[in-house]
Amino acid sequence: MNAKVWAITRREYLERVRTRWFLISTFGLPLVLVALMFLPNYLISRGGSGDSSIRVGVVDLRRGLSEELGRTLEEGWIVQPLESSAGNTEGELREILLRSDLDAVLLLSADIGEGGEARLLTRRAISSRQERAMRLGIRDALVAVRLRERGLEEVNTAWLLRSADLQVTRISAEGEQSREIFQALAMVFALVTYMMFLVYGQLIVRAVLEEKTSYVVEVMVSSVRPWEMMLGKMFGVGAVGLTQIGIWVLVAGSLATFGLAGAGAALAEQGIDLSELRFPVGLFAWALTYFVLGYFLYAGLFLAAGASLSNEQDAQQVVTPLVLVIVVGFVLVISVIETPDSPWAVVGSLIPLFSPMIVPARLAISHVPFWELAVSLTLLVLSLLGAAWVAGRIYRVGVLMRGKRPNLTELLRWARHG
Amino acid sequence: MTEMAIRLQGVSKSFGEQKAVDGLDLHVPRGSIYGLLGPNGAGKTTAIRIMLDIIGPDCGEVELLGSPVDDAVRARVGYLPEERGLYQKMRVADQLAFLGVLKGMRRDAARREAERWLERMELIDRADDAVETLSKGMQQKVQFLSTVLHRPDLLILDEPFSGLDPLNVDLLKEIILERSREGATVLFSTHLIEDAERLCDRVCMIAGARKVLDGRVVEIKASAGRREVALGVDGDANFLRELPFVVRISDHGNYFEVRLADGADPQELLRAAVAAGVAVRHFALVEPSLREIFLDRAGRRSADSIGRRGSERAAHARLKASP
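Right, dumping it as C-alpha cells:
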C-alpha cells in the first residue's frame, strides 16, 4: 500500500481505537446484542408471574364446558360460572360486565368448536400470556368435554395432548450439528453485520466531516490526493471494526472453550465427546468475507453521502436513507432465517445491498448452491467498486466545499465531472 | 535566467460571475522571499490555492519547482493555509509526525524533527497533549511547524503572521529568513505592506483580481521616480536653491529634506555640496515606502483599505480606473 494511504489508515485507526467510544462500544455492543436476543423472551416469561389474576364470568351455552375450563385454565384466571340465561348477545354481556365486579366475561356459544366462537369482553388489559392461557384452556376443555361425551371419561387430557420434542440435525461436510446452534449463529451473524454497518457507516460520515469541521482539509489536499484520503479513511475505520469483531470472537471463543472444558467430564458421562465438536471454520470465513465486502460497499455509500456535507447537522438527513436500507436488510434476514431457501432468500442473496447480511445467515442454516455464491459475490464486488468510484469523484469535489448542501442533480454532476 | 520556483502564466479563475483571479502572471525566482500583497478579497488566497493545485484554474499554466504539481512536487512544498486547522483530538507530536509522513518523511525522522522544533518553539512540554488543549496562538505555531518540518524547498504561507503576538511574529520571521538562507524559496501573502517591505526581496501586488505591481522591492522603489535626500550640513546651504534638479526643500535649520526631480542622481547633490564648500554631516537617501508607492499607484482610498477592513469594492473600482 502507498505510504500516504498507510499513514492515513494508521491515523484513523489509532485515533479511534484510543477513544473512550471504542472501549464502550466494544463491550457495550455485545451486551446490547445479548439483550436484543434474550431480553424480550425473558421479560415475557418473567412478566407472567407479575400479572394479577383476572376474574372471568363464563356464560356457557355449550354446557359442561365451564367446569372443565376451571380445571384446564392455568394460573392467571379465576373462573366464575354465570347463569346460561344471563345473556347471549354482546349487548347483554356488556351489561353484565358493567353491573358486576368481574374483570371480564366469556361467552361460549352453543356450537363452539363446530363453527361457533368464544367471545371475551374484558375491562382490564390482559397480557399475551394470559390470552394464550385462555386459548389453550378452551382447547383443552373442549377436548375433555368431547372425550366425556364419547364415554372416554377416564382419559387424561394432558397425556392425550402430550407430543414429542423434534430434534433436527443437519448433516454436512463439517459434520453434524444441531440446527438450533446454527440458527443462533445465523442470528448472531445477522445482528452483528446489521449493527456494525449502522454504527460504522455513521462513523465513516463523521470521519469524512472531521477534516472540514476542523479545517485540516486544506493541509491534507495540499499533501495527498483525495482518493488517498478516502481509502485511508475506509481502511482505518474498517480496521477498527475488525478489531472489535476480533475482540468479540476471542472473548466468546475463550469463554466457550473454558465453559466446555469445565463441563467436559459431565458431558462425557452422557456420551458426548467434545472432540467431535468442530469449529465451523469455513462458515466463519464466508461470514468474514461477506462482512468485509459489505463494509466496503456501505462505506463507499456513506462516504459519498458524507463527502457533500459540511456540518454534522445535515448528516442525519443524508444518512437516513442508507440506514433504512440496512434496516430493510435486517428485516429480510429475520425472514430468511425462518425460510432459508425461499425465493425471497435467493433474490436477497443476489442483491449487493442485502447479500452481506443474508448470505452468511443462509450459509449457517442451509445449503447455498455454488452458482448463487458466485453470482452474489461478483455483484457485490462490482457494486462496491462502483460505489468507491462514485464516492471518490464526489469526495474530490466535495472535500473543499463549504456551506449549502448540494442537491441530487448537483451530486450527479460532481460524480460525472469530478 | 534564474530558474523559477513558482511560475503562473495567464492564470484566471472565476466563481460564478465573480472573477477571483484575472490573467495573473507570477514568476518567483528560486531562493527569493516573495510577498503577495493586496487588500482583503483581492484574490491572494485563490491564487495560492491554484498554485498548490487545490483548485484548478479556468485557464493558464502553473508550475512549481520547474514542473506541474505532482506528488514529487507536493512533497517539497510546505503550505500554511489561511484557514488554519489541525486534528483537534490528536496529540501535538503525533500530528506533526503524521503531517511529516504525508510529505514523504520516514516516521521516526518526522518524530525527531517534530521534537526538535517543538523544543525550539518552547512547546516540547505540550508534545503529548491533544491539540485542542492548546491556545490558539500555540496551535498556530504548531501548524507553522508542520510546514517547515520536512525542510521544503518552497514555503507558501497564506497570511502567516495574522493572529500572532509580536514576539511570535519575530520568531516566525526568524525561521523564514533561516529557511531562506538555507536556499528555500518563500512566498507569503499579507495584507500588511510593512510585513512585506521588511522581509521580502520581491513583491507582487494584486487588487481586484489583477496584478498592479510586481518586481524587486529595490527596483520598485527606484522606479517609483521619487527621490528624497536627508541632508545635514555645517555652513551655508543656499547652494541648494540653485541646483536645477532640486524640486523642493524643507528647511529645518541645519537639516534639510530635499526632494529631487525624477531621474536625478543623488550623487550630484553630494558633489554640489562638496563643491560649495559645506561640511556634510549627514547624507541619506530616503526611499519611499511601499505603502507610499501603493498610494501613488492605486489612489489614497484603495491604499487606505489595505490593512483595514471594508471599502474593498471601491478600492477595486479605483484600481481598475488607474493606469
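Chains A and B, in that order, give the protein sequences.
Residues 1039 to 1456 in our numbering are what the first sequence spells out, letter by letter.
Residues 21 to 343 in our numbering are what the second sequence spells out, letter by letter.
Don't be surprised by glycine CBs; every beta carbon is placed ideally from N, CA and C.
Note that the structure is a prediction, hence the values are computed from the model and not measured.
So which residues on chain B does residue i lean against when the C-beta distance must stay under 7 Å?
| i | result |
| --- | --- |
| A:E1053 | K109 and M110 |
| A:S1348 | Within chain B, no residue comes near A:S1348; the closest Cβ sits about 13 Å away, beyond 7 Å. |
Which bits of chain A does residue i rub up against, with CB to CB less than 7 Å?
| i | result |
| --- | --- |
| B:F118 | A1045 and R1049 |
| B:K123 | S1261 |
| B:E103 | Y1253 and E1256 |
Would residue i count as contacting chain A if we go by Cβ distances under 8 Å?
| i | result |
| --- | --- |
| B:S322 | For B:S322, the pLDDT reaches just 48, beneath the cut-off of 50, and the residue's location in the model is therefore unreliable, although a value from the coordinates is still provided. No, its Cβ sits nowhere closer than 8 Å to a Cβ of chain A. |
| B:R328 | Bear in mind that a pLDDT of 40 at B:R328, under 50, signals an unreliable position, so the number given afterwards is only what the model happens to contain. With 8 Å as the cut-off, B:R328 does not count as an interface residue toward chain A. |
| B:L106 | yes |
| B:D190 | no |
| B:S34 | no |
| B:M21 | With a pLDDT of only 43 at B:M21, under the threshold of 50, the placement of this residue in the model should not be trusted; the figure read from the coordinates follows. B:M21 does not count as touching chain A. |
| B:H336 | Confidence at B:H336 is low in this model, with a pLDDT of 38, below 50, so its placement is unreliable and no value can be given for it. |
Tell me, please, whether the CB atom of residue i is closer than 8 Å to any CB atom in chain B?
| i | result |
| --- | --- |
| A:Y1253 | yes |
| A:V1278 | no |
| A:K1271 | no |
| A:S1260 | yes |
Residues of chain B with CB closer than 9 Å to the CB of residue i, please, in chain order.
| i | result |
| --- | --- |
| A:L1438 | R69, I74 and I75 |
Measuring CA to CA, which of the options is closest to residue i?
| i | options | result |
| --- | --- | --- |
| B:F265 | B:E248, B:V249 and B:A284 | B:A284 |
| A:R1434 | A:S1147, A:E1256, A:W1197 and A:L1136 | A:E1256 |
| B:R301 | B:E312, B:G255 and B:E288 | B:G255 |
| A:V1461 | A:L1067, A:E1448, A:Q1355 and A:V1363 | Lying outside 1039 to 1456, the shown extent of chain A, residue 1461 of chain A is not represented and no answer is given. |
| A:V1419 | A:I1403, A:P1394, A:T1064 and A:P1407 | A:P1394 |
| A:G1151 | A:G1189, A:A1342, A:L1099 and A:F1220 | A:L1099 |
| B:R261 | B:A292, B:D185, B:D114 and B:F208 | B:A292 |
| A:R1056 | A:Q1282, A:L1438, A:T1127 and A:L1422 | A:Q1282 |
| A:W1324 | A:E1448, A:N1040 and A:A1412 | A:A1412 |
| A:G1291 | A:V1319, A:K1271, A:M1268 and A:G1270 | A:V1319 |
| B:R171 | B:I196, B:R104, B:G61 and B:E214 | B:I196 |
| A:L1135 | A:G1154, A:V1097, A:G1114 and A:G1108 | A:V1097 |
| A:Q1205 | A:V1072, A:G1367, A:P1119 and A:E1218 | A:E1218 |
| B:E103 | B:E217, B:E179 and B:G273 | B:E179 |
For residue i, return the contacting residues in chain A, with the cut-off set at a CB-CB distance below 9 Å.
| i | result |
| --- | --- |
| B:Y99 | E1256, V1257, S1260 and S1261 |
| B:K156 | Going along chain A, no residue has its Cβ under 9 Å from B:K156, so there is no contact; the nearest lies around 12 Å. |
Hey, residue i and residue j are a contact pair by Cβ (cut 8 Å); roughly how many whole angstroms apart?
| i | j | result |
| --- | --- | --- |
| B:L28 | B:L85 | Not quite, the Cβ-Cβ distance comes to about 13 Å (not below 8 Å), so this is no contact. |
| B:T153 | B:G51 | Not a contact, Cβ separation roughly 39 Å. |
| A:E1266 | A:I1046 | 7 Å |
| A:L1145 | A:A1156 | 7 Å |
| B:T167 | B:G120 | With a Cβ gap of about 11 Å, B:T167 and B:G120 do not count as contacting. |
| B:R111 | B:D145 | No, B:R111 and B:D145 are not in contact; Cβ-Cβ is about 13 Å, not under 8 Å. |
| A:V1025 | B:Y107 | Nothing about residue 1025 of chain A can be read from this structure; chain A reaches only from 1039 to 1456. |
| B:L46 | B:C224 | 6 Å |
| A:L1335 | A:A1425 | 6 Å |
| A:S1261 | B:L122 | 4 Å |
| A:S1117 | A:G1108 | Looking at the sequence provided, one finds Val at residue 1117 of chain A rather than Ser. Right, their Cβ atoms sit about 4 Å apart. |
| B:F208 | B:G55 | 6 Å |
| A:I1457 | A:Q1168 | Look at the range of chain A in this structure, 1039 to 1456, and you will see that residue 1457 of chain A is not part of it. |
Could you tell me whether the Cβ of residue i comes closer than 8 Å to any Cβ of chain C?
| i | result |
| --- | --- |
| B:E133 | Checking the listed chains, one finds no chain C in this structure; the protein chains it contains are A and B. |
Taking Cβ-Cβ distances shorter than 8 Å, what residues in chain A pair up with residue i?
| i | result |
| --- | --- |
| B:R146 | What B:R146 touches in chain A: nothing, since even the nearest Cβ is about 18 Å away. |
| B:R96 | The contacting residues do not exist; B:R96 stays about 11 Å from chain A at best. |
- Can you find at least 3 beta carbon pairs, one from the region 258 to 277 of chain B and one from the region 231 to 243 of chain B, that sit closer than 8 Å? By the Cβ rule, the region 258 to 277 of chain B does not count as touching the region 231 to 243 of chain B, because fewer than three pairs are nearer than 8 Å.
- On the three-pair Cβ rule with 8 Å, is the region 66 to 81 of chain B touching the region 30 to 46 of chain B? Yes, the region 66 to 81 of chain B touches the region 30 to 46 of chain B.
- Spell out a yes or no on whether the region 1175 to 1182 of chain A and the region 1104 to 1123 of chain A are touching, meaning 3 or more CB-CB pairs, one atom from each, closer than 8 Å. They touch, by the three-pair rule.
- Query: Looking at C-beta atoms only, is the number of pairs between the region 192 to 200 of chain B and the region 152 to 159 of chain B that lie closer than 8 Å three or more?
  - Reply: Verdict: no, contact absent.
- Task: Could you say if the region 1348 to 1358 of chain A and the region 1228 to 1247 of chain A meet the contact criterion of at least three C-beta pairs nearer than 8 Å?
- Result: Yes, since at least three Cβ pairs between the region 1348 to 1358 of chain A and the region 1228 to 1247 of chain A fall closer than 8 Å, the two stretches touch.
- Message: Taking contact to mean 3 or more Cβ pairs, one atom from each stretch, closer than 8 Å, check whether the region 1383 to 1401 of chain A and the region 1330 to 1345 of chain A are in contact.
- Response: Yes, they touch.
- Do the region 1273 to 1281 of chain A and the region 1230 to 1239 of chain A meet, that is, are 3 or more Cβ pairs less than 8 Å apart? Touching, per the Cβ criterion.
- Task: Please confirm if the region 1131 to 1147 of chain A is in contact with the region 1159 to 1174 of chain A, defined as three or more CB-CB distances below 8 Å between the two stretches.
- Result: Because the criterion of three Cβ pairs below 8 Å is met, the region 1131 to 1147 of chain A and the region 1159 to 1174 of chain A touch.
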